[in-house]
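Quick notes on the structure that follows.
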Amino acid sequence: MTERDIRTTTLPSGLRVVTDPMAGVASVALGVWIGAGARCESVEENGVSHLIEHMLFKGTRRRTAREIAEVIEDVGGQINAYTSREVTAYYVRVLQDDTALGVDVLADLLQDSAFDEHELKMERDVILQEIGQARDTPDDLIFDLFQAAAYPDQPLGRPVLGRPEVVEGATRAALLAYRDAQYRAGNMVVAASGAIEHDRLVDLAARAFDRLPTGMRAPFSPAVYGGGEQRDERDLEQVHFVLGFRGVGLADPDYYALSILSGLFGGGMSSRLFQEIREKRGLVYAIDSMVSAYADDGVIAVYAGTGEDKVGELVPVLCDEIVGLAGSIREDEVARARAQLRASLLMGLESPGARCEQIAQHTLSYGRVKSVDELLGAVAAVDRNAIARLARRLFATAPALAALGPLGRLEPLSAISRRMAM
Numbered sequence: 320m321t322e323r324d325i326r327t328t329t330l331p332s333g334l335r336v337v338t339d340p341m342a343g344v345a346s347v348a349l350g351v352w353i354g355a356g357a358r359c360e361s362v363e364e365n366g367v368s369h370l371i372e373h374m375l376f377k378g379t380r381r382r383t384a385r386e387i388a389e390v391i392e393d394v395g396g397q398i399n400a401y402t403s404r405e406v407t408a409y410y411v412r413v414l415q416d417d418t419a420l421g422v423d424v425l426a427d428l429l430q431d432s433a434f435d436e437h438e439l440k441m442e443r444d445v446i447l448q449e450i451g452q453a454r455d456t457p458d459d460l461i462f463d464l465f466q467a468a469a470y471p472d473q474p475l476g477r478p479v480l481g482r483p484e485v486v487e488g489a490t491r492a493a494l495l496a497y498r499d500a501q502y503r504a505g506n507m508v509v510a511a512s513g514a515i516e517h518d519r520l521v522d523l524a525a526r527a528f529d530r531l532p533t534g535m536r537a538p539f540s541p542a543v544y545g546g547g548e549q550r551d552e553r554d555l556e557q558v559h560f561v562l563g564f565r566g567v568g569l570a571d572p573d574y575y576a577l578s579i580l581s582g583l584f585g586g587g588m589s590s591r592l593f594q595e596i597r598e599k600r601g602l603v604y605a606i607d608s609m610v611s612a613y614a615d616d617g618v619i620a621v622y623a624g625t626g627e628d629k630v631g632e633l634v635p636v637l638c639d640e641i642v643g644l645a646g647s648i649r650e651d652e653v654a655r656a657r658a659q660l661r662a663s664l665l666m667g668l669e670s671p672g673a674r675c676e677q678i679a680q681h682t683l684s685y686g687r688v689k690s691v692d693e694l695l696g697a698v699a700a701v702d703r704n705a706i707a708r709l710a711r712r713l714f715a716t717a718p719a720l721a722a723l724g725p726l727g728r729l730e731p732l733s734a735i736s737r738r739m740a741m
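Quick note on the working numbering: the sequence shown kicks off at 320 and runs consecutively.
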């Protein structure tokens, strides 16, 4: 395995430029990652981060919304964006000869978006439809309910799409003020992977991103895991629920142990939950364990969907699996989960897009890009004792429960908690 030639340059404005070249590819994955998202919002601003992401594509002083799409697609490229709880990203995929065009378009979006009043009115309506669609989709809504249970009454517990009343009332002035407070050079990373030359990208970025506000955004308010429950009784075919516990943050030494714990518990078809609850008992179609990690906190959770008549049997079995996990971890399942995480890390290195995302996220989260050897070493160092210790600690925290559907046969959280008392 050849060591990656990752380079980082910090411009006088504080903007960081990070590159990860790849031999034998003709394209460049290029983007701007901003360390700001829904977690930066007050309750009166919930949804503004996502609305700004949409508005940046609705026209600049030089390009209409259609021209933004066409100028990239005319050269065979792709352009997109996303908003999460801690990050907003804008990115393109172009051929090497079109790198300068990609940089120019991204800089145009981030510095010269028009925020036209007519476009704002239309985009508010579009997002209201998106919120409505999410609320009609149990697989989406259940995770917003879980966030609200795990992190009550704080930004980390609010939906990324926001609340309809906030989106409806968002003004141009409020969006611009929020953008200028969050989209600051010291809080942004220009990242690229593929057919890229570092010095050339530094030069392009220095000239194109010359009008960003300097400095950093205000720090995140500390995450306070709460635990508790959110229930939404609905006339659905299935009960959807998420049961979770406090996890660890991205920089925590136990982060990779938690990832391996989640993998062996419910991360695939060979996992405990899949084999015991789906294959052996036939109680669910889908059951998964997952980890969400943030700057300073995180959760580990299990999602399941089951029939109303099955939920009474499913919950006790799931609780038994949680209670018994720490004392019954086997070497073979640890080795399998380690191998799956190792393979996932290495397979990601085959994609310019995944490598670009990784170096950007590492720079925002750790202030540097961790080497492949460092990542693989951290995975290899996780043993059965570390996972058992972590399971005992995390599964003893207050559980958070989200449930959606016909809930008459789902026990209250207090009863579920008693089943898991260790």
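Even glycine gets a Cβ: it sits at the ideal position worked out from N, Cα and C. In this text the structure is predicted, and so the values were computed from the model without any measurement.
Check, Outcome
"Hey, which unbroken runs of the alpha helix (DSSP H) at 4 residues or more fall wholly within the region 680 to 735?", "691 to 699 and 703 to 713"
"Does isoleucine 398 come out as helix, strand or coil in the three-state DSSP assignment?", "strand"
"What are the boundary residues of the beta strand (DSSP E) that includes phenylalanine 564?", "557 to 565"
"Straight-line CA distance for glutamate 463 to isoleucine 515?", "A quick correction: the sequence has aspartate, not glutamate, at residue 463. Whole-angstrom Cα-Cα distance: 38 Å."
"In this structure, what does DSSP give as the bridge partners for valine 807?", "The requested residue 807 does not occur in the structure, where the chain is confined to residues 320 to 741."
"Which residues in the same chain as threonine 533 place their Cβ atom closer than 7 Å to its Cβ, once the five residues preceding and following it in sequence are excluded?", "Ser332, Gly333, Arg503, Ala504 and Gly505"
"Considering only C-alpha positions, which residue in the set Val344, Tyr410 and Asp529 is nearest to aspartate 416?", "Val344"
"Could you say if the region 453 to 473 and the region 561 to 569 meet the contact criterion of at least three C-beta pairs nearer than 8 Å?", "yes"
"Note down the Cα distance separating arginine 591 from aspartate 628, rounded to an integer number of angstroms.", "23 Å"
"Mapping the DSSP letters down to three states, classify glutamine 473 as helix, strand or coil.", "coil"
"Any chance you could list the beta strand (DSSP E) runs of at least 3 consecutive residues sitting entirely within the region 587 to 654, in chain order?", "605 to 612 and 617 to 626"
"Do you know how far the Cα of proline 457 is from the Cα of valine 554?", "Inspection of the sequence shows that residue 554 is occupied by aspartate rather than by valine. One C-alpha to the other measures close to 11 Å."
"If you run the structure through DSSP and keep just helix, strand and coil, what is serine 368?", "helix"
"Quick one: complete alpha helix (DSSP H) runs, 4+ long, within the region 482 to 558?", "483 to 488, 491 to 501 and 517 to 527"
"DSSP three-state call for threonine 418: helix, strand or coil?", "helix"
"Check whether the region 530 to 545 and the region 583 to 603 touch, using three or more Cβ-Cβ pairs below 8 Å as the test.", "no"
"Apart from the five residues on each side of it in sequence, which residues of its chain come closer than 8 Å, Cβ to Cβ, to leucine 660?", "Tyr575, Ser578, Ile579, Gly582 and Val698"
"From what residue to what residue does the alpha helix (DSSP H) around arginine 381 run?", "First-last for arginine 381: undefined, no H or E at that position."
"Note down the Cα distance separating methionine 739 from leucine 523, rounded to an integer number of angstroms.", "56 Å"
"In whole angstroms, give me the CA-to-CA distance for threonine 407 and glutamate 364.", "16 Å"
"Determine the closest residue to glycine 568 out of Glu548, Arg358, Ala542 and Ile648, with distance taken between C-alpha atoms.", "Ala542"
"Taking a contact to mean a Cβ-Cβ separation below 8 Å, would you say isoleucine 398 touches alanine 384 in this structure?", "no"
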